[in-house]
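Under this note's numbering, residues 271 to 1179 are what the sequence shown spells out, in order.
Here a beta-carbon is modelled for each residue, glycine too, at the ideal position from N, C-alpha and C.
All values derive from a computational prediction rather than experimental measurement.
Written out below as C-alpha cells is the structure these notes cover.
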Amino acid sequence: MEKCIGCGACAEKCPKKVIDSYNMGLSKRKAAYVEYAQAVPLKYAIRGDACIKLTKNKCGNCEKLCPTGAINYEDKPEDATLKVGSVILAPGFSPFDPSKFDAYNYANHPNVITSMEMERILSASGPTMGHLVRLSDHKEPKKIAWFQCVGSRDLNRCGNAYCSSVCCMYAIKEAVIAKEHAGDGLECAIFYMDMRTHGKEFERFYENAKQKGIRFERSRVHTIDPVPDSDDLSVRYITEEGETVTETFDQIVLSIGLQTDPEVVAMANRLGIELTEGNFCKTDTFSPVQTSRDGIYVCGAFQGPKDIPQSVVDASAAASAAGESLSTARNTLTQQAEVIPQANVVGDRPKIGVIVCECGINIAGVVDVPAVRDYAASLPYVEYVAKNLYACSQDSQETMSELIKEKGLNRVVVAACTPKTHEPLFQETLINAGLNKYLFEMCNIRNHDSWVHKNNPDLATAKAKDLVRMAVSKVALMQPLPEAELNVNQTALVVGGGISGMTAAKSLASQGYTTHIVEAGERLGGNAHHIFKTATGDRVKDKLAALVDSITGSDNIKVHLNTRLSSVEGFVGNFKSTLKNGDSESELEYGVAVIATGGTALKPDEYSYGKDPRILTSLELDQKLIAGDPALKTMKSAVFIQCVGSREPDRLYCSRVCCTHSIDNALELKKLNPDMDVYVLYRDIRTYGEREYLYKKARQAGVIFIRYDLQNKPTLTADDNGVRILATDHVLQRPVEITADLVTLASAVIPNKDEALAQFYKVPLNDDGFFVEKHAKLGPSEFATDGVFLCGLSHYPKPIDEAIAQGRASASKAITLLAKETIHTSGTIAETEPAICSSCGVCVSICPYSAPSFIEAEARMHAGKASINPVLCKGCGLCVASCRSGAIHLKGFDNDQIFAQIFTLNEAV
C-alpha cells in the first residue's frame, strides 16, 4: 500500500473489476461508485475473494501494469520476534456496520449511506473529488438527514449501550461542510436524542451550525422507507411537541458508532488484557493508559470511544508511561540519522523548481492548476515545474527530493496550502536533498486564493499566477541561513499543583529530570480535595493522598507552596523565573515549563444560591458525602439542576463533567436512601463514552430525568416545607412542581484566568479564559511558544482520568525536548548594522521577547549600539518596522526580498 501512487491502471484493466479505491470503504452493494474510484488517483485494494489470480492463479495483469511494484503476488506473511521493554496498544476501532438494521434499508438502498462514506464523498481525495452527489443517480441532493446513535446507545438492537462520543460533532461538521459545498439550496436535518458537543469550542460550533440553517430534530427515527418510483427516502417521526410528521429526503446519513474489532478482542484475550463491558480496554481512573497487565499500555479508541484531540493526548500519555519504564535504557539503542551534506549554493545562479499542488478540489476545483504551472515555467530562473495531486504526500516528498538532486535545483517554491502546517514538511524535504531549508518559499494559493475566490475561477487563476510570480522573485534572493545550537537546561517547572500538574511532575521526575512544582495554595491537590469519588467508584481522597505522598517523597521533585511567579525571562531550553513566597524571592533556571493552573467551580447567581442552605453546588454536596452527613439519609427528595452557568451566551461551552458527576451523586443518594425521590433537570445528558452505563443505571434505579430548555428554565421558591421547583415536563408538555429537601446546582467549571502568566510565557487565552493550545487536534498539550506545555482544567474542563492523561501527555512532550539536550534556533531572525544604528532604543522597548539590547560600554567596537540576541529573537519583525535608521534586517524577509515581491506584483501576467 505504501508504494501505491493511486494511478488507477490496475483498476482500469482488471477484467473482473475487483480492484476498488481503498480510501472509499464502500460496501460491495455500492459498486456503482467504482466508476468514480477508477478515475481518481487514490490508494487501491483488491477484493481477494473475487480475484482470479488469487483464486485460480490466472490473469495477474495488475501486477504487470503496476509502475511502482505495489502489487506483488509473491509477497508472503512474515513472523518477527521483537525484544521490547514496553508495549503500547493502539489498534483503533471498527465502524459499526448498519446493514443488520433492516428498517434502515442501508443494505438495499444506495442513498442510505454511513457517516464514514459521507466523509469520503465530501473529501477532495474521495471518489467524487469532493462533489456532493447521491449514489443512485449522481445528482446533487437538495435535502439530507443525519440519524444519530446508529450502533451506539442501543442495547436492544446491537448490544452497544455506550455512547461513541464523536458522532454528534462529526454529523454537525458534515452538515456544515455539505452546506458550504451546495450552498443555501441544501436543507440539512440532524435527528438526535441528546446533542453531545462536550469538547473545547464544540458548543460554539453547534450554535453556529444552527445559525447556518442546520435543523436539529430531537427524535429517534425507527424506519426509512423508499419512495416508490423515485430514489427518494421517506421517514416518519414524532416531534418534541408530540406531532407525527412524515418527511422526504434525497439522502440519509447514518452516524455510525465506534466499536472494538473482534480480532482486537481476541488479541486482548491472548495478552491477558481485561476488557470493559463494551469490549474496550479496562483502565483505572488514576492510571488511564495502564492496562491490567504491567508494561502494556493503551491509547486511542481501544481505551474507549474518543475524538482526535483526546486520542492524541492519550498517545502522548502512553508514551510517557512507557518512557518511565524504559528511562534507564534511554539512548542505549539510539541510531544516528544520516546527515546529508548541505550544498554550498552561495554565489550560484538561482535554479528554481516550482511545484503547484492541486490539493484535490480544494485548489484544482477553482484554480486552473495546469495554467499556473505553465506560467511558472516562463518566470526568470525557473528550471523545473510540475503539478501534484497532493504535494504533501509521502511519495511526492520523495519525488521532490530526487528532482532537486537530479535537476540541480538550488531553490524551491511550492504553491499549495498554508505554511503554518506544511512548511516544516517541505523544509525537511530540502534538507534530505542536501539544501539549506531556508532556500524555500511557500505561497498559499488555497486559503488566500481558491477558498476566497471560489465563485470566480478566472480571477483565482490570475491571482495564483501573481502569488507564484511573487514567491519566485523572493526565493531567487534567498540565501542559506544558519541556525544556532543551544544547550537545554535539564530542569522542568510545573506551575500548578493539582492532580494534572502533579501527574506531569511525577512523570518528569520518574524519568530522571529535576522538577519544581510552584503552587499558589497552601497544599497540593487543588480541586480534588473537594471531590467525593470518580465515576468508576474510586474514593478521590485516598488516591489523592497516595499521589501527594509520591510527590513529596521524590528526590527529583521540589515543591514550592504559597508561591507565585513574579517574572519570567529567557527562551526555550533556558528560562529563568523569580519565585515569590510572601516577602521572600528566589530565582529558578529551567528548560521547560508546564502550565497546570487549573480552574474552579462557578458560584451561581441564580436559583437562590447562597440564600438557602438546602441549595448547594455539586462540590458542596460532595463535601457532605465525604463527611458522611447523616441528614442525607433522611431526605425524601432531591433535585439536580444541570448547566448552571454553562452553555449560555456569556459562557458558551459545556463543562463536560457535570452530567456524569450529578448522575453519580444521584445514585449515591439512592444508595443512602432507596426511597428518596431523585430528579435531574437537564438540557442534554452528556454521559459520553462508557459513562452512558451510569445514565442507564440511574434510570433503572428510579432517578427521574426532566428536560428543560434555555428559554424556559426551572424556577425555585423556598419555605419551611422545602424548596419548590417548577419545571415543564418535556413528555407531558405540562408544568410540574417538585418539593425537594435538597437542590444541587451543577455549576460551570471556570478557568483560573491568569493573564500575567499568559504574558510571561507569551501564550494566548481564549474568550472564555482557557489557554489556547498549539493545535486543537494535533497539539492539544503544547503551546505555540516553544518549551511551554499545558494540561488540566487550564486547557478545558475535564474529568480526573482525562486530566491525568493530559498531565502525562504534557510531560511526554516536555521530555521530547529535554531529551535532545541541544536545540537549534530559527534562522529567520533579525540582525543589526551597528555602524548605522542611532541608539534610539525603540527596538529595545518594543520587542516582546527582549531580544534587542545595547552593546556594553566595555566592548571595543560599537559600544552603545543595538544588537539582537539570536536566541531570543522570534523573527516577528517589530524591531525592523520600528527602526528609524534602517539598521535592522530580518533574514529571509529583508527589504530587497519584500520590495521584489511588491514590484513584481505590478508586472502584467
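Coarse secondary structure for residue i, derived from DSSP in three states
i       : result
Met712  : strand
Pro496  : strand
Gly796  : helix
Phe1173 : helix
Arg317  : Any reading at Arg317 must be qualified, since the residue scores a pLDDT of 46, below 50, and its modelled position is unreliable; no value is offered.
Gly704  : coil
Ser1030 : The sequence shown places Phe at residue 1030, not Ser. Phe1030 falls in the helix class under three-state DSSP.
His692  : helix
Leu359  : strand
Arg884  : coil
Leu1142 : coil
Val491  : coil
Val747  : According to the sequence shown, residue 747 is Leu rather than Val. It is coil, neither helix nor strand.
Other residues of its chain near residue i: CB distance less than 6 Å, five sequence neighbours each side excluded
i       : result
Ile484  : Ala445, Cys458
Ala647  : Val655
Ile1106 : Ser1155, Ala1157
Thr384  : Leu524, Ile526
Cys428  : Gly421
Ala968  : Ile933, Ala936, Leu937
Ile974  : Tyr949
Glu544  : Lys552, Ser562
Cutoff 7 Å; reference residue i; Cβ partners in own chain excluding five residues on either side
i      : result
Thr555 : Thr804, Thr806, Asp808, Ile1070, Asp1071
Gly915 : Leu872, Pro874, Arg921, Ser1017, Ala1018
Ser504 : Asp495, Val497, Thr516, Thr518
Lys733 : Asp719, His723
Cys438 : Gln418, Tyr462, Met465, Arg466, Thr467
Asn702 : Ile610, Ser671
Phe696 : Val684, Phe710, Met712
Asp999 : Ile976, Val1006
Outcome for residue i when other beta-carbon atoms lying within 10 angstroms are tallied against a minimum of 16
i       : result
Pro1034 : exposed
Met1131 : exposed
Lys298  : Reliability of the predicted coordinates at Lys298 is poor, the pLDDT of 36 falling under 50, and no value is obtained from them.
Phe1173 : exposed
Pro1021 : buried
Lys707  : buried
Gly880  : exposed
Arg793  : exposed
Gly421  : buried
Gln521  : buried
Lys480  : exposed
Ala441  : buried
Ala448  : buried
DSSP beta-bridge partners of residue i
i       : result
Trp416  : Ile460, Val523
Tyr507  : Val515
Asp945  : Partner(s): none; Asp945 has no beta bridge.
Lys828  : His786
Asp424  : Asn430
Arg485  : Ala459
Glu1052 : Phe1059
Cys627  : Asn658
Gly840  : Phe845
Asn982  : Asp979
Cβ pair residue i, residue j closer than 7 Å
i       : j       : result
Cys551  : Gln573  : yes
Gln781  : Ser597  : yes
Ala592  : Ser356  : yes
Leu1142 : Tyr1119 : yes
Gly678  : Lys621  : yes
Asn601  : Cys627  : no
Leu1190 : Phe802  : As shown, the chain starts at 271 and ends at 1179. That puts residue 1190 outside it, with no answer to give.
Gly899  : His800  : In the sequence as displayed, the identity of residue 899 is Asp instead of Gly. Cβ distance not < 7 Å, so Asp899 and His800 don't count as in contact.
Ala798  : Cys1061 : no
Gly1145 : Thr1098 : yes
Lys744  : Gln1167 : yes
Asn714  : Ala394  : no
Ile865  : Val788  : no
Any C-beta of chain C under 7 Å from that of residue i
i      : result
Cys419 : Reference to chain C is not applicable here, since this structure consists of a single protein chain.
Neighbourhood of residue i by C-beta, 8 Å cutoff - its chain only, sequence neighbours within 5 removed
i      : result
Gly861 : Val758, Asn759, Gln760, Thr761, Ala762, Val842, Gly843, Asn844, Phe845, Gly1057, Leu1087, Leu1088
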